[in-house]
Amino acid sequence: MKTLLFTHASGLEHEMGPGHPERPDRLRAIERELEAETFQYLTRLDAPRAAATALLRVHPESYLAALEEAQPREAYAALDSDTVMCPKTLEAIWRAAGGAVAAVDEVMRGEADTAFVATRPPGHHAGVRNPMGFCFVNNVAIAARHAQAAHGAERVAIVDFDVHHGNGTQDIFWADGSVMFCSTHQAPFYPGTGGPNETGEHDTIVNAPLRAGAAGDAFQEALVDRILPRLRDFGPDLILISAGFDAHERDPLGGLRFNAQDFSEATKRLMDVADRKCGGRVVSLLEGGYDLEGLGTSVAAHVKALMGA
Numbered sequence: 002m003k004t005l006l007f008t009h010a011s012g013l014e015h016e017m018g019p020g021h022p023e024r025p026d027r028l029r030a031i032e033r034e035l036e037a038e039t040f041q042y043l044t045r046l047d048a049p050r051a052a053a054t055a056l057l058r059v060h061p062e063s064y065l066a067a068l069e070e071a072q073p074r075e076a077y078a079a080l081d082s083d084t085v086m087c088p089k090t091l092e093a094i095w096r097a098a099g100g101a102v103a104a105v106d107e108v109m110r111g112e113a114d115t116a117f118v119a120t121r122p123p124g125h126h127a128g129v130r131n132p133m134g135f136c137f138v139n140n141v142a143i144a145a146r147h148a149q150a151a152h153g154a155e156r157v158a159i160v161d162f163d164v165h166h167g168n169g170t171q172d173i174f175w176a177d178g179s180v181m182f183c184s185t186h187q188a189p190f191y192p193g194t195g196g197p198n199e200t201g202e203h204d205t206i207v208n209a210p211l212r213a214g215a216a217g218d219a220f221q222e223a224l225v226d227r228i229l230p231r232l233r234d235f236g237p238d239l240i241l242i243s244a245g246f247d248a249h250e251r252d253p254l255g256g257l258r259f260n261a262q263d264f265s266e267a268t269k270r271l272m273d274v275a276d277r278k279c280g281g282r283v284v285s286l287l288e289g290g291y292d293l294e295g296l297g298t299s300v301a302a303h304v305k306a307l308m309g310a
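Numbering-wise, the sequence shown is residues 2 to 310 according to the numbering used here.
Here you go:
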């Protein structure tokens with residue numbers, strides 16, 4: 002299998018202030034793990050800058066202009082209590098979205114089987130017109146809309162296993178029957194959404210919340226019983242993963258008890274659906290994960306699974 006890794010140095014320059022958990026060292030931890038011999042055949046590419054048209058499929062021009070105006074020339078500018086810009090943030094935003102779009106292009110064209118986009122800032126809390134929870138634009142939503150607009154995908158599935166519910170993604174696709182959004186996440190927990198009764202206007206929202214303290218067996222059960230059957234019935238042309246690793250047992254921001262092997266097993270299960278339903282096409286985008294050791298080992302296990310190793 003050919004697997005691509007998209008990343009960009011701009012992700013190391015986006016800072017949100019001393020002590021902030023969503024920090025450049027997250028990418029450095031991933032880079033260290035992916036230097037292992039296991040990943041010598043991983044094709045590594047720079048994430049390009051996204052075209053404005055890609056972002057405008059999800060976010061209005063007025064919101065993108067407001068982000069440009071908000072970026073400070075020095076120091077920091079807080080957009081909410083935990084989402085902060087520095088003078089380098091916009092470039093990282095555009096590269097993160099660009100990596101998502103480029104990964105979709107390569108996989109939908111058959112140039113690669115799978116791809117992982119290791120960029121920051123993350124995106125799944127961002128709404129159409131608002132930043133939230135470390136996120137500015139919704140990268141996975143941008144990727145889904147690009148797959149539809151540029152490659153004719155009729156149905157796109159998004160699976161989010163971050164410890165926090167992807168409320169922004171759910172809101173964006175709430176009334177859209179062509180995109181299925183499935184999520185495992187801790188609940189009750191930030192941001193307070195993601196109940197099993199939240200199913201969308203076309204019954205294409207699938208939430209499988211987990212109680213604090215749940216371990217990998219509960220995660221796999223949620224996938225096997227709640228999410229995978231719905232994915233298979235939906236029959237997507239592409240599977241996108243909002244790959245958050247803050248459900249790891251070491252993570253300081255979450256209360257779940259997953260380990261790296263749990264993320265590997267989940268990835269393999271999703272790839273099995275992709276093999277059966279959409280020619281194996283899977284694009285995964287980095288979301289959360291704030292313990293550096295837990296993040297690094299979990300990403301390595303996830304990418305190894307994407308490689309079919």
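No residue lacks a Cβ here, since even glycine has one placed at the ideal position from N, Cα and C.
In this text, all values refer to a predicted model and were calculated from it rather than measured experimentally.
Per DSSP, the continuous beta strand (DSSP E) segment holding F117 begins and ends at T115 to V118. Judged by pairs of C-beta atoms under 8 Å, the stretch 50–63 does not touch the stretch 27–38, as fewer than three such pairs exist. Of all alpha-carbon atoms in G201, M17, D276 and A67, the one lying nearest the alpha-carbon of C87 is that of M17.
For P253, the CB contacts under 8 Å within the same chain, skipping 5 residues up- and downstream, are P22, Y291 and D292 in chain order. In this structure, the straight-line span from the alpha carbon of E107 to that of E75 is close to 37 Å.
If you draw a straight line from the Cα of A209 to the Cα of F162, it comes to about 10 Å. Boundaries of the alpha helix (DSSP H) harbouring I143: N140 to H152, taken from the DSSP string.
In the three-state reduction of the DSSP assignment, L28 falls in the helix class, which pools H, G and I. Non-local beta-carbon contacts of P132 in its own chain, meaning distances under 6 Å to residues more than five positions away in sequence, involve L80 and T84 in chain order. Spatial neighbours of L229 in its own chain (CB-CB distance under 7 Å, excluding positions within 5 residues in sequence) are listed in chain order as R270 and V274. Exposure of M2 is indicated by the presence of fewer than 16 other C-beta atoms within 10 angstroms of its C-beta. Note on Q41: under 16 other CB atoms within 10 angstroms of its CB, so exposed under the neighbour-count rule.
A distance below 7 Å between beta-carbons, with the five flanking residues on each side excluded, links A148 to the following residues of its chain, in chain order: V105, M109, A154, V157 and L239.
By the C-beta criterion, the stretch 192–200 is judged not to be in contact with the stretch 300–308, since fewer than 3 inter-stretch pairs fall below 8 Å. DSSP places T194 outside both helix and strand once states are collapsed to three, so it counts as coil. N208 carries a strand assignment under DSSP once its states are collapsed to helix, strand and coil. Assignment of H203 by DSSP, reduced to helix, strand and coil, places it in the coil class. Secondary structure of L56 (DSSP, three-state): helix.
The beta strand (DSSP E) runs of length 3 or more contained entirely in the stretch 220–308 are, from start to end of the chain, 239–244 and 283–287. The beta carbon of H125 sits closer than 7 Å to those of C136, N139, V141, D161, D163, G167, G169, T170, S243 and E288, all from its chain and outside the five residues before and after it, given in chain order. DSSP, read as helix, strand or coil, puts A103 in helix.
In the displayed model, T39 falls within a helix according to three-state DSSP. Take the alpha-carbon of A267 and the one of P123: they are about 20 Å apart. By the CB criterion at 8 Å, A93 and G12 fall inside the cutoff. About 18 Å separates the beta carbons of T115 and A97, which is beyond the 8 Å limit, so they are not a contact pair. Per the DSSP secondary-structure output, V180 pairs in a beta bridge with V157. Secondary-structure assignment with DSSP links M86 through a beta bridge to A78.
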